[in-house]
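Take a look at the structure below.
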Amino acid sequence: LQKFRTVYGYDAQFFENGGQSNIVSSKTGVRLNLNTPFALGKSVAGEWLYGVDLLNDQTAQKLQDGRFWTPDMNMTNAAPFAQLKLDFWQHLILKTGARYENIGVTVSDFTTLKTYNATTRNYDGGVAVQGGTLNYQALVGNVGLRYSGVSAFQPFVSFSQAFSINELGRILRTSQRSIVSQLETKPIIVNNYEAGVSGQVGRLVHYDVAVYESRSELGASYRTLPSGVFEIVRAPERIRGYEVAVDVTPVRFLAVGGSYSYLEGKSDNNNDADYETYLGSDRISAPKTTAYVRVQPNNRLSLNLNALRVGQRNRFSPAANGTFAYAQGPVTAYTLLNFSGSYQLTAKAGLSLGVENLLNADYYPAISQWAARPADYIKGTGRRGMLTLSYRW
């Protein structure tokens, strides 16, 4: 059971007569999980996990004055699932499963809000749309294989599918059709492929390496029209990336480590099998590097130093006036250093100190850069610390 309300900032121009939108959502769900272990002789141990997910989600987005931006949507989903795990000789693990998505979304009659068109300097919208019920069914599956016989080298491969209709509200609120059933509201089905290896080399080194790719025949990304309104682009998408992480413990009281992750994605907007258009930075983050040093000489004292470097991403060209569309602003690199430490004074009392942005770096967070909006171009927080004294009764 979940209920929430999210209120956004007031905009005097975007909505006709101004407005402040808010999302009101109520979710109710229950899951039935059943587990059946079994064995196939002495060499194979197995387990069946099966059941059903039931979910009801009632959501609407409207302005504070009562006008609906996104209509009332009542979604129900009854999704049976089954997952099989087989452990061969205690070293080779196979997992596979399937899930049947069975979603119905009832949409109320509504009229689209009039929003400002920056090109014509008029307000567009006001389309009366007849509601109805949208139905979605899909069978998605997964399979994975991992070998754990050698602690220093444990490879794995996996395939999984994801199903989503999370852009439905945005599609509805920009409708140009008079009947809901005429809209292009097909779900997003993503095929995910991953391979990698992890291992523990003695007591000294632990590492993880993974490469992955996600493909969708009909993805969904945002494109800003000259009018200033977002449009959903439905096109094939391909995303690729990799991650590397290493942790080293040279002595008992010292641990050091770090990670690096890289992600890139493109879409085929003209459907010619050539993925030529980069996905926006709202979907694809800039490369990220982390590093840490942890010193714990005894059970009472712990000191941690963490570094984060966000790399650059510059994939888009500005418009003739020098501005960038939403999610296409260039991201310049920056580095942050954070410190935390704790000391156990007594069995019940403890002292801790945390300092964010230890070097007081002057920077703009990645989201402030790629959003390419003056209102969002806000600097990150400078150096700040917190000293805490705690006592447990």
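Positions 9 to 401 (the working numbering) are the ones given, in order, by the sequence shown.
Ideal Cβ placement from N, Cα and C applies to all residues, glycine included.
The structure presented is a predicted model; accordingly, all values stated were derived computationally and were not measured.
Give the DSSP-derived three-state secondary structure of Q190 in the structure shown.
-> helix
In three-state DSSP terms, what is I179?
-> helix
Can you list, in chain order, the residues of its chain whose CB lies under 6 Å from that of N322, leaving out five sequence neighbours each side?
-> P338
Specify the secondary structure class of P382 as computed by DSSP and reduced to three states.
-> helix
Return the residue from the list L309, T120, G358, L345 that minimises the CA-CA distance to N368.
-> L345
DSSP state of S206 mapped onto helix, strand, coil | strand
Does DSSP classify I375 as helix, strand or coil?
-> helix
Leaving out five residues on either side along the sequence, give the residues of the same chain with a beta carbon under 6 Å from the beta carbon of L63.
-> G37, N85
Candidates W378, P305, N279, R308: which alpha carbon is nearest G319's?
-> W378
Taking all protein chains shown into account, do 16 or more other C-beta atoms lie within 10 angstroms of the C-beta of R181, making it buried, or fewer, making it exposed?
-> buried
Coarse secondary structure for A335, derived from DSSP in three states = coil
How is N200 classed by DSSP in three states: helix, strand or coil?
-> strand
By Cβ distance, which residues of its chain are closer than 6 Å to D276, with the 5 residues on each side in sequence left out?
-> A243, P244, Y283
Starting from the C-beta of S222, find all residues in its chain whose C-beta is less than 6 Å away, skip the five residues before and the five after it, and write them out in chain order.
-> V198, N200, I247
According to the Cβ coordinates, are D61 and R75 closer than 8 Å?
-> no
Buried versus exposed call for S183 [16 or more other C-beta atoms within 10 Å across all chains shown] = buried
Bridge partner(s) assigned by DSSP for G134 | According to DSSP, G134 bridges with nothing at all.
If we ignore side chains and look at the alpha-carbon of each, how far apart do K35 and Q10 end up?
-> 5 Å
Going by DSSP, name the residue or residues bridged to E109.
-> A146
Note the first and the last residue of the continuous beta strand (DSSP E) segment covering F347.
-> 342-352
Are the beta-carbon atoms of A126 and Y108 separated by less than 8 Å?
-> no
According to DSSP, is I292 helix, strand or coil?
-> coil
Residues bridged to S310 [DSSP beta-bridge criterion] = S350
Y286 bridges to which residues according to DSSP?
-> K274
Report yes if the C-beta distance between Y230 and D290 is below 8 Å; otherwise report no.
-> yes
Which same chain residues, not among the five before or five after S398, have their C-beta less than 6 Å away from its C-beta?
-> G358
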